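Participant:
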Amino acid sequence: DWSRTLGSAVGAMNIHETDKDYQLEIQAPGYLDKEISVEFSEDTMIVSGAHKEESTESSAKTLVRREWEKSEFRRTIRFAHPVKPAGAEAKLENGTLTVTVPKIEPIKPKTTKVAIKKP
3 DWSRTLGSAV GAMNIHETDK DYQLEIQAPG YLDKEISVEF SEDTMIVSGA HKEESTESSA
63 KTLVRREWEK SEFRRTIRFA HPVKPAGAEA KLENGTLTVT VPKIEPIKPK TTKVAIKKP
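FYI, this note's numbering numbers position 63 of the sequence shown as 65, with every residue one higher than the one before it.
(1) Does DSSP put proline 121 in a helix, in a strand, or in coil?
(2) Who are the Cβ neighbours of alanine 92 in its own chain at under 6 Å, not counting the five residues just before and after it?
(3) Count the CB pairs spanning the segment 105-121 and the segment 61-69 that are closer than 8 Å, and state whether there are at least three.
(4) Would you mind listing the beta strand (DSSP E) stretches within the segment 44-113 that are 3+ residues and don't spill past its ends, in chain order?
(5) Report yes if the CB atom of arginine 80 is closer than 7 Å to the CB atom of threonine 46, and no otherwise.
(6) When burial is assigned at 16 or more other CB atoms within 10 Å of the CB, is leucine 34 buried or exposed?
(7) Exposed or buried, what is valine 116 when buried is set at 16 or more other beta-carbons lying within 10 Å of its beta-carbon?
(8) Express the C-alpha separation of glutamate 95 and arginine 76 in angstroms, rounding to a whole number.
(9) By the 10 Å Cβ neighbour count, where 16 or more other Cβ atoms means buried, how is isoleucine 38 classified, buried or exposed?
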């Protein structure tokens, strides 16, 4: 994993859980919202990003070393509790992607009381 070797935090993630939802914070410094994708497949969320640095070289200077030009990340998260993908919200602010995913409320079993007849 080259991003970890180079000390980059791209794709590093924190996951918080409440009774009602999951909130994920994913580091994506330098990424624009159009460069990030958040998708669901059943109980799995896939977050990926692809960023290409625009070349700003001029003829007056020579590039000696390039450590960033293109970066990509992909994280797959499988939730322990069923979630509602249609209610998910995502925002990118200050290099952090925050995704909030609501949980599906557990179905409470219906109980039916049976009257006992007297003979």
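Think of the CB as a built atom: it goes at the ideal place given N, C-alpha and C, for glycine as much as any other residue.
Everything numeric in this text was worked out from a predicted model, so none of it was measured.
Facilitator: Walking through what the data contain:
(1) Counting from one through the sequence shown, the residue named residue 121 turns up at place 119. Note: proline 121 maps to coil in three-state DSSP.
(2) Along the sequence shown, read from residue 1 onward, the residue named residue 92 stands at position 90. Here alanine 92 has Val40, Val101 as same chain residues with Cβ atoms under 6 Å from its own Cβ, once five neighbours each way along the sequence are excluded.
(3) No, because fewer than three Cβ pairs between the segment 105-121 and the segment 61-69 fall closer than 8 Å, the two stretches do not touch.
(4) Counting only unbroken stretches of 3 or more residues, the beta strand (DSSP E) elements lying wholly within the segment 44-113 are 46-54, 72-80, 91-95, 98-104, in sequence order.
(5) Counted from its first residue, the sequence shown places residue 80 at position 78. Counted from its first residue, the sequence shown places residue 46 at position 44. Going by C-beta atoms, arginine 80 is nearer than 7 Å to threonine 46.
(6) On the sequence shown, position 32 is the one that residue 34 refers to. Exposed, by the Cβ-count rule.
(7) Residue 116 sits at position 114 when you count from the first residue of the sequence shown. Counting the other CB atoms within 10 Å of its CB gives valine 116 a total below 16, which places it among the exposed residues.
(8) By 1-based counting over the sequence shown, the position of residue 76 is 74. By 1-based counting over the sequence shown, the position of residue 95 is 93. Put simply, the backbone Cα of arginine 76 is about 19 Å away from that of glutamate 95.
(9) Counting from one through the sequence shown, the residue named residue 38 turns up at place 36. Classification for isoleucine 38: buried.
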